[in-house]
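See below for the structure under consideration.
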Amino acid sequence: MKRTFLLAIIITFSMAVDSRSEVNFDELNGSDLGMGIGARAIGLGGAFVSIADDASATFWNPAGLTNIKSNQFLLSADLPDDFSASSLIYRPSFSELEKLSFTVGLSLINRLRVKGDSGDDTWSGYSSYLLDLGMIDVEEDFSGSIDSKTYDTRLSLSFIHPKYRNLSIGLNLIHLC
């Protein structure tokens, strides 16, 4: 019995270690939604959008911030890659804002890193698409090396409509640089 249990644990951990290699960031075409934020949200996949009740809701579904009942802080990093995120959620305790479940969120996200050298070739095709997502403006016939990062700052506001209590409204103001 102990041997079987030990074998099951070893197999489980070895599968978990290999599962990291299943995600190929080059195939995500720079989509930070493919990378995800928050361990729980990533584990639940697309289902998290419907519950979105923690600090990562600033990323997945800002209207879900109304489900949060306290102030929260989220810090997430993926090493050795340059992708990281942090979020701060604030629930004011003023009586009028509390009735609306008014919530403010602020997120800072390192979205995309483009680093490479085309040598004598040009950055065209697939690489050009990544450059567009990274908001890097280069001439079509540009060749050489690029090292660029794209940052995302989000201010999220959410509240419950006073007349329609089942309606949560969320707004994300996103600044990319």
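Heads up: the sequence shown at position 148 corresponds to 246 in the numbering used here, and the numbers run straight through without jumps.
All residues carry an ideal CB built from backbone N, CA and C; glycine is no exception.
All figures in this text were calculated on a predicted structure; none of them were measured in a lab.
Cβ neighbour criterion (16 or more within 10 Å) applied to residue i
i, result
"Phe157", "buried"
"Ile207", "buried"
Sequence-distant residues of the same chain with beta carbon closer than 6 Å to residue i, five excluded per side
i, result
"Ala173", "Going by the sequence as given, residue 173 is Leu instead of Ala. Answer for Leu173: Ser184, listed in chain order."
"Val147", "Trp158, Asn159"
Inter-residue Cα distance where the pair is residue i and residue j
i, j, result
"Val202", "Glu194", "15 Å"
"His259", "Leu265", "6 Å"
"Tyr249", "Ile107", "39 Å"
"Leu198", "Phe192", "10 Å"
"Ile135", "Gly141", "10 Å"
"His273", "Thr102", "53 Å"
"Glu196", "Ala139", "26 Å"
Contact under 9 Å by Cβ, residue i with residue j
i, j, result
"Ser205", "Thr164", "no"
"Asp151", "Gly162", "yes"
"Phe200", "Leu255", "yes"
"Phe171", "Ile149", "no"
The ligand NAP heavy atom lying under 8 Å from the CB of residue i
i, result
"Asn270", "This structure lacks the ligand NAP; in fact it carries no ligand of any kind."
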